[in-house]
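I have placed the structure first, in the form of structure tokens, so that the comments after it can refer back to it.
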Amino acid sequence: MHLFDDTVVIPNLKSQLGFMFGDEGILVAEEDTFFSAPDIDISAYDRIVVCMSGGKDSVACLLHLIDLGVDMSKVELWHHDVDGREGSSLMDWPFMADYNRQLAAAFELPIYFSWLEGGFEGEMLKENSYSRPHHVETPEGIIVLERDTRRARPGTRMKFPQVGANLQTRWCSSALKIDVARRALNNQARFDGQKVLFITGERREESSNRAKYNQLEPHACDRRSGRKARHVDAWRPVLHWDEEQVWDALRRHGVIAPVPYRLGWGRSSCMKCIFNDATIWATLREHFPGSLDAIAAYEERFETTISRNRINILDVSKQARPLDIEDEEAFVQAMKHEYSLPIIQSSGDWVMPRGAFEKTGCGPS
Ligand code: SF4
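Per my numbering, the very first residue in the sequence shown carries number 7; after that it's consecutive.
Below you can see the structure in the form of structure tokens.
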């Protein structure tokens, strides 16, 4: 969806700015597309998909639905496993899948996982070959969606995604999340003839790019006028929120801050996100010894660094002081696969995590 935003919606929006304001100053880019749409008639939808990364903004989306009194029997969570499930652990937090599973259980919601086979590492090692299949969990089980080799062409990556807004070169978000969700929507007959609301947790204040996103628009998988009559709207319910509102939602609902924020990260994305700043790389090197070795080895093999300044990851990690990690409980959890901390606070005061309002951490997810 970000690919759709960045390559289609935003360029179109720019050309329309200045003359398409509707009532109350709300920009109407085109029919069914709204720059600002904080309040919509959610009861009109048959199915509500919340993309749940396990970060505070996607959790806030879920909590906002509860606050709005939405019929939660229509809601399901989707989580994309960035490393896939074939054995790679290059990028993500080990507990992230289980955290999401337990979060869904805490709210008595179904959660469906999906991933690109081989994950980030598999896609990065693509060399004159086709991308691998997608695996999509559905109510009936996991389906494997092969690539259409008649239409796809073999490609080569053999380098890390490039840090920047261009989703063609910063390929991880599109290959590991946007594209996976697109195929999950397109290949499940249960969405045909349905009105589906597809929810993601971007916020305008995160970046100048996201500041331009539409809040409600037809999703790239929308086929409302097509044979399948599948109506899919993309809605970003917390797009206009500031970070204070996000934490307030977690506090009111007693959702304990996810582990990365407790460690001091300002964002919860891949543990080894390409957008990490020097402080986070330094923290990984100091507190999670060996965690940068595989990345450093790939940088050497590809002769291309993650840093645009051509500084290898180990040297970047020496450019800043590591964070002091004070939350021992979160630290112990950080490298475990099973998530063994509570999701919801059962007693005591809710604690604002160390990473709240910090700019340290990661860029786009
Ligand atoms: S969190 Fe970072 S590394 Fe992971 S998919 Fe998003 S941009 Fe890429």
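C-beta: ideal position from N, C-alpha, C; glycine also.
>> Under 8 Å: does the beta carbon of Ser275 sit that close to some heavy atom of the ligand SF4?
In response: Within the cutoff, so yes.
>> I need the straight-line Cα distance from Phe337 to Asp198, nearest angstrom please.
In response: A direct Cα-Cα distance of roughly 44 Å separates Phe337 from Asp198.
> Just how far apart, CA to CA, sit His237 and Asp228?
Replying inline: Looking at the two C-alpha atoms, the distance is approximately 5 Å.
> Skipping 5 residues on each side, what residues in its chain have a beta carbon closer than 6 Å to that of Ala255?
Replying inline: So the qualifying residues of the chain are Ala66 and Leu69.
> Expressed to the nearest angstrom, what Euclidean distance is found between the alpha-carbon atoms of Thr310 and Ser180?
Replying inline: Each residue's Cα considered, the two are about 21 Å apart.
> Can you name the residues that DSSP bridges to Leu122?
Replying inline: In the DSSP output, where bridge partners are listed per residue, Leu122 has His140.
> Can you tell which of Phe113, Tyr304 and Tyr118 has the C-alpha that lies nearest to the C-alpha of His86?
Replying inline: In terms of CA proximity to His86, Tyr118 leads the group Phe113, Tyr304 and Tyr118.
> Out of curiosity, what's the CA-to-CA distance linking Trp121 and Arg153?
Replying inline: Note on geometry: alpha-carbon atoms of Trp121 and Arg153 lie some 14 Å from one another.
> Should Pro243 be labelled buried (16 or more other beta-carbon atoms within 10 Å of its own) or exposed?
Replying inline: The residue in question, Pro243, is buried, as its Cβ has 16 or more Cβ neighbours within 10 Å.
>> Please tell me whether, using a cut-off of 8 Å, the distance from the CB of Val88 to the nearest non-hydrogen atom of the ligand SF4 is below it.
In response: Yes, the Cβ of Val88 comes within 8 Å of a heavy atom of the ligand SF4.
>> What does the alpha-carbon distance come out to for the pair Pro370 and Phe281?
In response: In this prediction, Pro370 has a pLDDT of 47, which is less than 50 and means its spatial position is unreliable; what the coordinates show is noted afterwards. For Pro370 and Phe281, the distance between alpha carbons rounds to 7 Å.
> Is Met97 buried or exposed, if buried means 16 or more other CB atoms sit within 10 Å of its CB?
Replying inline: By the beta-carbon neighbour count (other beta carbons within 10 angstroms, threshold 16), Met97 is buried.
> From Val76 to Glu114, what distance separates their C-alpha atoms?
Replying inline: In a straight line, the C-alpha of Val76 is about 14 Å away from that of Glu114.
> Can you pull the DSSP bridge partners for Ala240?
Replying inline: Ala240 pairs with Phe204 and Glu223.
> By how many angstroms is the C-alpha of Asp38 removed from the C-alpha of Arg230?
Replying inline: Straight across, the Cα-Cα distance linking Arg230 with Asp38 is about 12 Å.
>> Shorter than 8 Å, the distance from the beta carbon of Pro100 to the closest heavy atom of the ligand SF4, or not?
In response: Pro100 has its CB no nearer than 8 Å to any heavy atom of the ligand SF4.
> Can you tell which of Ala110, Pro348, Val55 and Ala43 has its C-alpha closest to the C-alpha of Lys201?
Replying inline: Ranking Ala110, Pro348, Val55 and Ala43 by Cα distance to Lys201 puts Val55 first.
> Three-state secondary structure (DSSP) at Cys276?
Replying inline: Residue state, collapsed to three classes: coil.
>> Just verifying my parser: in three-state terms, what is the DSSP assignment at Asn18?
In response: For Asn18, the predicted structure reports a pLDDT of 42, less than 50, and the residue's modelled location is therefore unreliable. The matter cannot be settled from this model.
> By how many angstroms is the C-alpha of Glu143 removed from the C-alpha of Glu332?
Replying inline: Rounded to the nearest whole angstrom, the CA to CA distance from Glu332 to Glu143 is 37 Å.
> At what residues does the alpha helix (DSSP H) containing Glu306 begin and finish?
Replying inline: Looking at the DSSP string, the run of the alpha helix (DSSP H) that includes Glu306 is Asp299 to Phe308.
> For Phe40, does the three-state DSSP call read helix, strand or coil?
Replying inline: If DSSP states are grouped into helix, strand and coil, Phe40 belongs with the strands.
>> Using a Cβ-Cβ cutoff of less than 7 Å, which residues in the same chain neighbour Asp29 once the five nearest sequence positions on both sides are dropped?
In response: Because the pLDDT at Asp29 is just 35, under 50, the model does not fix this residue reliably, and the point stays unresolved.
> Does the ligand SF4 have a heavy atom nearer than 8 Å to the CB of Met97?
Replying inline: For the ligand SF4, at least one heavy atom lies less than 8 Å from the Cβ of Met97.
> Which residues mark the beginning and the end of the alpha helix (DSSP H) in which Val265 is found?
Replying inline: Segment Val265 to Leu269, the alpha helix (DSSP H) holding Val265.
> Can you round the beta-carbon distance between Cys178 and Pro160 to whole angstroms, since I take them to be within the 8 Å contact cut?
Replying inline: About 20 Å separates the two Cβ atoms, so there is no contact after all.
>> Output needed for Leu74: all residues of its chain with C-beta closer than 7 Å, excluding positions within five of it in sequence on either side, in chain order.
In response: Once the five neighbours on either side are set aside, the close Cβ partners of Leu74 are Ile48.
> Can you tell which of Met341, Ser313 and Tyr304 has the C-alpha that lies nearest to the C-alpha of Pro295?
Replying inline: When Met341, Ser313 and Tyr304 are compared, the shortest CA-CA separation from Pro295 is found for Met341.
> Using a Cβ-Cβ cut-off of 7 Å (strictly less than) and excluding sequence neighbours within five positions of Arg107, which residues of its own chain qualify?
Replying inline: If we look at Arg107 and ignore the five residues flanking it on each side, its Cβ neighbours are Ile117.
> Can you name, in chain order, every residue of its own chain whose Cβ lies under 6 Å from the Cβ of Arg307, other than the five neighbours on each side?
Replying inline: Beyond the five residues adjoining it in sequence on each side, Arg307 comes within less than 6 Å, by CB distance, of no other residue in the same chain.
>> Once the 5 residues before and after Trp356 are set aside, which same chain residues still bring their CB inside 8 Å of it?
In response: Same-chain partners within the cutoff: Leu256, Arg257, Gly260 and Ile262.
> Mind checking whether the beta-carbon of Leu269 lies closer than 8 Å to any heavy atom of the ligand NAD?
Replying inline: Here the bound small molecules are the ligand SF4; the ligand NAD is not part of this structure.
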